[in-house]
Amino acid sequence: MSTVLRDEGPSYDLLGVGFGPSNLALAIAVSEHNAASRGPHLNVRFLERQKTFGWHRGMLIDDATMQVSFLKDLVTMRNPASDFSFLCYLHERGRLVDFINHKTLFPLRVEFHDYFCWAAERVGDLVRYGTEVTAVRPVVDGAEIVRFEVHTNTGEVYSARNLAVATGLIPSLPDGIVESKRVWHNSDLLYKVDEMSAASRFVVLGAGQSAAETTALLHSRFPDAEVCAVFSRFGYSPSDDSPFANRVFDPAVVDEFHGAPPEVRKQILDYHANTNYSVVDLDLIEELYRRHYREKVLGVERLRIFQASRIAQLAETEDGVRVTVESLTTSERTVLEADAVVCATGYRPGDVTTLLGDAASICRRDDAGRPLVARDYRLLTTPDSGAAVYVQGGVTEHTHGITSSLLSNNAVRAQEILDSLLSRITAARAGEAGAAPADSNGRSTYAHAAVGVVG
Ligand SMILES: Cc1cc2nc3c(=O)[nH]c(=O)nc-3n(C[C@H](O)[C@H](O)[C@H](O)COP(=O)(O)OP(=O)(O)OC[C@H]3O[C@@H](n4cnc5c(N)ncnc54)[C@H](O)[C@@H]3O)c2cc1C
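In this note's numbering, the protein residues as written are 4 to 458.
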């Protein structure tokens, strides 16, 4: 099959892969930069495999709230005057005063999702939805990578001098558990429960926020069903969002973290894991405990807690799943016949270098084989390259700290990537004797025209 190289004039200064909150924040930063007409105009495009903007839609539970202050929205931390802020969104939706009266820093998750959609629509001209990036091929001139060819599921190939890869996290199932019609990850929760009219028993594996939310939702949505929560801890543990601990999310900490020796970084991640991993909002813990205790009093226990336990065996039957739960302390086994097993067992960062295929060998790695990432979020490569791959998300947790996979630092990170891009483009233009000049709109033409047919 031949692939058509999109003919969009000069290739992009920056092509974003994935359009979740990370690249959305970057798109807004770029569009504000372009609108301000200070410095070179940037020609950017973002490719997103979903058909429309969507942020963890499978977990948009009606009453779930954000776990980050609304002030850490897409822009406020870098530009409090931006009209892409959550407050501007509220104003446009006519809810500003109602939100103020609510006296909370933590909006509903569905509301923040609507905020993201509102913002994404306003930069919609920069995004192509329904387009999955399937491969990235570096184009080399001598020893230097000068640009990338980006291949997509639509057969189109894009050309870009720089990439911003923010493809998010991948749902993770425990070793030995295979996804099926009745065994699934909580990332599909709302889709799956919508398909079920009745159920008599669920098993939920995990003790983090998503596990607790899943347990609560199944327990209220299926009033005749038993919900068995299985986890290796003795109980759900609260997330630490106290003020001093919260400093681990400060933008300035990224500097400190990035400059620290690897063993110190690991220590910091371990110390503060309970700000994010395997922990639950205290309100939700108390709500679940209330339900559990009330059922004890009433003598009908639908919410069953299998603490310090694991799933020892899982067998699909004709009309369900047979789950063998084993106590870690006594080895006692309990067999449960369930309609479904929900693995609320977290996410893992994808290997960003997979997209690069064979060319991934140019990425420099640490002793543990993880990609080395510069402070400005560029993948470090050998040879050093004029073209760059910026990465955002959990893939930089080992280099940039715990905010990497979260929203807290989105706005500031977008500015840092934009600054890096601008300074590299300015330097490249200055260094390109006889370089293609800016076009009449001030657009960069230093990169390569993407016209033709390959492959
Ligand atoms: C249920 C849930 C609730 C959360 N709540 C919070 C919270 O309250 N506060 C907080 O700080 N963090 C929260 N998080 C953490 C979460 O990781 C961030 O909120 C955020 O989603 C990170 O944004 P991102 O853009 O890096 O990744 P994502 O949001 O995962 O977006 C990545 C995008 O890339 C697209 N994509 C992937 N591969 C390709 C490809 N090859 N080609 C094209 N597109 C591709 C995906 O479709 C997706 O749209 C939550 C996570 C979950 C799962």
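Here a beta-carbon is modelled for each residue, glycine too, at the ideal position from N, C-alpha and C.
None of these values were measured; they are calculated from a predicted model.
Quick one: any contact between the region 115 to 127 and the region 296 to 309, if contact means 3 or more CB pairs under 8 Å?
-> no
Answer with buried or exposed for residue 436, where buried requires no fewer than 16 other C-beta atoms within 10 angstroms of its C-beta.
-> Confidence in residue 436 is poor, its pLDDT being 46 and thus under 50, which makes the residue's placement too unreliable to answer from.
How about residue 205 and residue 310: are their beta carbons less than 7 Å apart?
-> no
With a 10 Å radius around its C-beta and 16 neighbouring C-beta atoms as the bar for buried, classify residue 156 as buried or exposed.
-> exposed
Is residue 69 near ligand 1, judged by its Cβ being under 6 Å from some heavy atom?
-> yes
Tell whether a beta-carbon distance below 7 Å holds between residue 109 and residue 69.
-> yes
Near ligand 1: residue 403 beta-carbon under 6 Å from a heavy atom = no
From the DSSP output, read off the bridge partner residues of residue 312.
-> 330
Cβ-Cβ distance between residue 91 and residue 208 below 7 Å | no
Return the chain-ordered list of same chain residues with a C-beta closer than 8 Å to the C-beta of residue 261, the five sequence neighbours on each side being excluded.
-> 378, 402, 403, 404
When 358, 30, 170, 409 are compared against residue 2, the one with the closest alpha-carbon = Here the chain has residues from 4 to 458 only, and residue 2 is not among them.
Hey, is residue 25 close to ligand 1, as in C-beta under 6 Å from one of its heavy atoms?
-> yes
Range covered by the alpha helix (DSSP H) that runs through residue 93 | 89 to 96
Cα-Cα, which of 395, 100, 356, 77 is closest to residue 138?
-> 356
Does ligand 1 have a heavy atom nearer than 6 Å to the CB of residue 59?
-> yes
Check residue 187 in the structure and name its three-state DSSP category.
-> strand
First and last residue of the alpha helix (DSSP H) that includes residue 239?
-> From DSSP, residue 239 is part of no alpha helix (DSSP H); its letter is neither H nor E.
Which of helix, strand or coil DSSP assigns to residue 182 | coil
Pair within 7 Å by beta-carbon distance, residue 423 and residue 71 | no
Straight-line Cα distance separating residue 415 from residue 162 = 27 Å
Tell me whether residue 386 sits in a helix, a strand or coil according to DSSP, three-state version.
-> coil
Residue 193 vs residue 372 beta-carbon contact at 7 Å = no
So is the beta-carbon of residue 199 under 6 Å away from any non-hydrogen atom of ligand 1?
-> no
Taking C-beta to C-beta, are residue 328 and residue 337 nearer than 7 Å?
-> yes
Nearest residue (CA-CA) to residue 170, options 395, 370, 365 | 395
DSSP-derived helix/strand/coil call for residue 154 | strand
Simplified DSSP state of residue 74, which is helix, strand or coil = helix
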